[in-house]
Structure formats: C-alpha cells, structure tokens
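Residue numbering for the sequence shown follows the working numbering, starting at 45 and increasing by one per position. Single-structure report; data block below.
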Amino acid sequence: MKTSWKAKEQERARKKLLKEANDELRAKIEAENAKRREAMAQSRQRKAENEIRGQVVTTVSDKKLKTMSKKQLRNIRKATAKHSAVTSPQ
C-alpha cells in the first residue's frame, strides 16, 4: 500500500522531532554524569590531600634505618617537604 507524499513528510517530521528530543535528553544526562564524575574526582583529590596533611611525620636517622628490619622498612614512606608529596619506598 502506497502512502501519500504528505503522510511521508509528516512521518519524517515526527521522527526528526523524536530524534531531537532524544538527543537533547541524552546530552543532558551525559552532562549530569560528567558533572558527577568531576565532583567525585575532586572529592578523591581532597581526601588524598587531607590524608597526607593529617599524617604524623617524624624524622628517622640513617643509623636507625640501617638497623630496622625489612618488615619495618616497608611501613616507612618518604616525604619531601617542598611538595608535601608522599611516596612509598619501592
């Protein structure tokens, strides 16, 4: 069964409107997800910075390091005062 040209045009216009509405909704959801991901990343970064800030720091002499066992040395982390970055010994 053939449909008239007018019916085909109406169907195309309806599909176009549906597609635009769907794309708009998808873009809105994607923007919300991106915003949520950014907030989570910032939260993780703040948590890591606060964890570093809250650590108790003591200086250990070289002589004391040499007498420590391997098990004790694994728990020690090296920190630089300039960047306040903490790295675990590898």
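From the three backbone atoms N, C-alpha and C, an ideal C-beta is built for every residue, glycine too. Just so it is clear, the structure is predicted and the values come from calculations on it, not from any experiment.
- In this structure, DSSP gives Lys-72 a helical state, which the three-state scheme calls helix.
- Here DSSP, grouped into helix, strand and coil, assigns Met-112 to coil.
- In the structure shown, the three-state DSSP call for Gln-86 is helix.
- DSSP, read as helix, strand or coil, puts Lys-46 in coil.
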